[in-house]
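Asker: This is the structure I want to talk about, given as structure tokens.
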Amino acid sequence: QKEVEQNSGPLSVPEGAIASLNCTYSDRGSQSFFWYRQYSGKSPELIMSIYSNGDKEDGRFTAQLNKASQYVSLLIRDSQPSDSATYLCAVGTSYGKLTFGQGTILTVHP
Amino acid sequence: GAGVSQSPSNKVTEKGKDVELRCDPISGHTALYWYRQSLGQGLEFLIYFQGNSAPDKSGLPSDRFSAERTGGSVSTLTIQRTQQEDSAVYLCASSPVGLAGGPFQETQYFGPGTRLLVL
Numbered sequence: 001q002k003e004v005e006q007n008s009g010p011l012s013v014p015e016g017a018i019a020s021l022n023c024t025y026s027d028r029g030s031q032s033f034f035w036y037r038q039y040s041g042k043s044p045e046l047i048m049s050i051y052s053n054g055d056k057e058d059g060r061f062t063a064q065l066n067k068a069s070q071y072v073s074l075l076i077r078d079s080q081p082s083d084s085a086t087y088l089c090a091v092g093t094s095y096g097k098l099t100f101g102q103g104t105i106l107t108v109h110p
Numbered sequence: 111g112a113g114v115s116q117s118p119s120n121k122v123t124e125k126g127k128d129v130e131l132r133c134d135p136i137s138g139h140t141a142l143y144w145y146r147q148s149l150g151q152g153l154e155f156l157i158y159f160q161g162n163s164a165p166d167k168s169g170l171p172s173d174r175f176s177a178e179r180t181g182g183s184v185s186t187l188t189i190q191r192t193q194q195e196d197s198a199v200y201l202c203a204s205s206p207v208g209l210a211g212g213p214f215q216e217t218q219y220f221g222p223g224t225r226l227l228v229l
């Protein structure tokens, strides 16, 4: 079993819809959770970080964390074509490294 | 302010040659990380520096890979006797404090990467 699992997609949604990206992790000691966006040929850029159970909202983005279920998700409201990218879920423990999922390819079509 | 920088941006080398990849972290960031991303894959952790020491080098794939950091700033990743399977994008990231900051992992800021192609 992979440490961090994401559906590779591609996930295709129409412009204006809600995109839902999911991630599960295996290490119950994980403390920190991140969503990065990566455009083709570019380096990852941080979208959201979340540390506590529940929801965290930032503009059109909402991260949801459920440590009991070892599940973290990212919702993108009012999806735009510019949101088309690979979304990487990353999980951190207390000792300095992030473990990344394989990434979900999101395509937002006009 | 300046972000994480890496050089070279692209490197083409022949199998068996040695290569050096450089990372300049954000000024003042004590933690530095190297990752590798193969085509269509997620990021694979290689090594973590806290200051000049490397508490976690568990991700280095073989003894052909080594890394050092001097002055708590610049880091160099060296790959000796390169193989075709070493072809990938090598990403460097930094964060303000890292392990010393407590149990919660801080945001890591990534550089643009070095695209390595071994022929």
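Those protein sequence lines, which keep their order, are chains A and B.
Residues 1 to 110, numbered by the numbering used here, are exactly what the first sequence covers, in order.
Residues 111 to 229, numbered by the numbering used here, are exactly what the second sequence covers, in order.
Note that beta-carbon positions come from the ideal geometry of N, C-alpha and C, so glycine has one too.
Grab me the residues of A:Phe-34's own chain with a C-beta within less than 6 Å of its C-beta, minus the 5 sequence neighbours each way, in chain order.
Answerer: Closer than 6 Å at the Cβ level, and outside the excluded window around A:Phe-34, lie Ser-49 and Ala-90.
Asker: Closer than 8 Å is the cut-off here; do at least three beta carbon pairs connect the region 186–196 of chain B with the region 166–176 of chain B?
Answerer: yes
Asker: I'd like to confirm the pairing. Which residues does DSSP put opposite B:Gln-190 in its beta bridges?
Answerer: None, per the DSSP bridge assignment.
Asker: Using 9 Å as the limit for Cβ to Cβ distance, is A:Glu-57 near chain B?
Answerer: no
Asker: Find the residues of chain A that neighbour B:Thr-217, judging by a C-beta separation of less than 8 Å, and give them in chain order.
Answerer: Phe-34, Leu-46 and Ser-49
Asker: Classify B:Leu-229: buried if its beta carbon has 16 or more other beta carbons within 10 angstroms, exposed otherwise.
Answerer: exposed
Asker: So what does DSSP say about A:Leu-3, is it helix, strand or coil?
Answerer: What sits at residue 3 of chain A in the sequence shown is Glu, not Leu. If DSSP states are grouped into helix, strand and coil, A:Glu-3 belongs with coil.
Asker: Mind pulling the chain E residues with CB within less than 9 Å of B:Pro-222?
Answerer: The structure shown contains no chain E; its protein chains are A and B.
Asker: Please classify A:Pro-81: does DSSP put it in a helix, a strand, or coil?
Answerer: helix
Asker: Look at the Cβ atom of A:Gln-31, then the Cβ atom of A:Ala-85, and state whether they are nearer than 9 Å.
Answerer: no
Asker: In chain B, which residues lie with their C-beta within 9 Å of the C-beta of A:Leu-88?
Answerer: In chain order: Gly-152 and Leu-153.
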